[in-house]
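Just so you know, the sequences run in chain order G and Y. So that you can map any letter, position 132 of the first sequence is 132 in this note's numbering, and since no number is skipped, the others follow by simple counting. So that you can map any letter, position 176 of the second sequence is 176 in this note's numbering, and since no number is skipped, the others follow by simple counting. Heads up, the beta-carbon is just placed ideally off N, CA and C, and yes, glycines get one too.
Protein chains: 2
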Amino acid sequence: MRADAQRNRERLIEVAHVVFKERGLDAPLDEVARRAGVGPGTLYRHFPTREALHEAIMATWIEEVSAHVEKAMATEGGCREKLLAWFEEYVSLLTRHQGAAAKITASLGCQDSPLRTKCQTYADANESVLTEMAEHGALREGVDNLDVCRLLGGVATMADHSSLEPKDVRPMLDVIANGVLKN
Amino acid sequence: MRADAQRNRERLIEVAHVVFKERGLDAPLDEVARRAGVGPGTLYRHFPTREALHEAIMATWIEEVSAHVEKAMATEGGCREKLLAWFEEYVSLLTRHQGAAAKITASLGCQDSPLRTKCQTYADANESVLTEMAEHGALREGVDNLDVCRLLGGVATMADHSSLEPKDVRPMLDVIANGVLKN
DNA sequence: CAGTGAAGCGGAGGAAGCCTCCGCTTGATT
DNA sequence: AATCAAGCGGAGGCTTCCTCCGCTTCACTG
């Protein structure tokens, strides 16, 4: 890739971060181009679809996921406390940008989404936590990772749409934790 | 209201039902107007916002909610079976039209949404079911109706976005039921 | 029934966003 | 310095939203 093209690409990602942060993942792409100082054609050549740009944005988040797992698993207390800490991390990761939770979770089931690899990272992270719970004999029988991811995605989406604060999200996570763990 | 205005209004609702069914609640309003044989101005005078039209559409659904509660409560088996039957009804009511689940559930917390009265009907229905569970001593302490509604709204939204079938939704409802009921 | 005023209608059209196409510019290479 | 493909930008067609305003039609009155 030519050096100027590389520069433009990086600048677009940088600006997209800001614009998506300000206005959500549905922000007008023409504005991203304008604020990056390039024409719309340039944006669409680098990122043919909105999702391609989303994917580029999320690449940086992905690297942090495992750190969040470890942070949650270091919570003091039993499985329940650790699980809830992780659930809170999960929701907060998904709601970084307005509109992200729904999009990421929707791509969970479909093989051909550009966000596939990203959401898989979240799903894998959740699976590792659930596996740890299972090893401690704390997990109910028949709890499926995909279902838990979708439940958490649903909670995150509701939190996003209703601008809920963590204190409003917590009770929902409590219910899910109760449903996932043995009592 | 003048007779012709009344006719137009009814026709718009009728056509909107069809268009929203075909293309989801985000379908172009101009198309609703066109297919109803009126100008866009007429549509926007009767329904100043998209939500106003949604509200009109949903008015007919609302009447059926209590019938669905009774149907679910007539399920044979214990509290768990009844509750799950109701949860399935709830999700299927919310996913009648593409995009409805998210919109209805988002208006749960906010007092000034035009959909307020509609979502309140769902919330009330759910509360009546939870109350019945509580009277049988089957409900966990501290389970809040609003949280359960949001959880179900989240599941319905995920089902909507990922085009999930009932068999894929059921396991999520199982988790919520486990989280809501005593074991 | 004719006349009148207001309620209501329709559609032109401005604004915003999406995305493409194509002539021009510029970086890399020789 | 010359070449030319890679890359750029922005004009512009398309869709959808929503408003504005001149014209039509209804309902009512004498």
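Which bits of chain G does residue i rub up against, with CB to CB less than 8 Å?
i, result
"Asp112 (chain Y)", "Per Cβ cutoff of 8 Å: no residues; Asp112 (chain Y) is ~13 Å from chain G at best."
"Ala102 (chain Y)", "Ala102, Thr157, His161"
"Asn183 (chain Y)", "Asn183"
Can you pull the chain G neighbours of residue i, defined as C-beta to C-beta under 7 Å?
i, result
"Thr49 (chain Y)", "Result: empty, since nearest Cβ-Cβ is about 17 Å, beyond 7 Å."
"Thr117 (chain Y)", "The contacting residues do not exist; Thr117 (chain Y) stays about 17 Å from chain G at best."
"Ile176 (chain Y)", "Val175, Gly179"
Let me see if you follow: with CB-CB separation under 8 Å, is residue i close to chain G or not?
i, result
"Ser162 (chain Y)", "yes"
"Val129 (chain Y)", "no"
"Met133 (chain Y)", "no"
"Arg80 (chain Y)", "no"
"Ala106 (chain Y)", "yes"
"Gly77 (chain Y)", "no"
"Gly109 (chain Y)", "yes"
Kindly identify the DSSP beta-bridge partner or partners of residue i.
i, result
"Leu181 (chain G)", "G:Leu139"
If you measure from the beta carbon of residue i to each beta carbon in chain Y, is any gap under 8 Å?
i, result
"Pro171 (chain G)", "yes"
"Thr157 (chain G)", "yes"
"Gly179 (chain G)", "yes"
"Arg96 (chain G)", "no"
"Arg9 (chain G)", "no"
"Arg35 (chain G)", "no"
Are there any heavy atoms of the ligand NAD lying less than 7 Å away from the beta-carbon of residue i, as far as the coordinates show?
i, result
"Ala125 (chain G)", "Although the ligand NAD was asked about, the structure shown includes no ligands whatsoever."
List, in order along the chain, the chain Y residues whose C-beta lies closer than 9 Å to that of residue i?
i, result
"Arg222 (chain G)", "Nothing in the structure corresponds to residue 222 (chain G), since chain G is present only between 1 and 183."
Within 8 Å of chain G by C-beta, residues of the region 144 to 155 of chain Y in sequence order: Asp144, Asp147, Val148, Arg150, Leu151, Gly153, Gly154, Val155
Start-end ranges of the alpha helix (DSSP H) lying completely within the region 78 to 114 of chain G, minimum 4 residues: 79 to 94, 100 to 106
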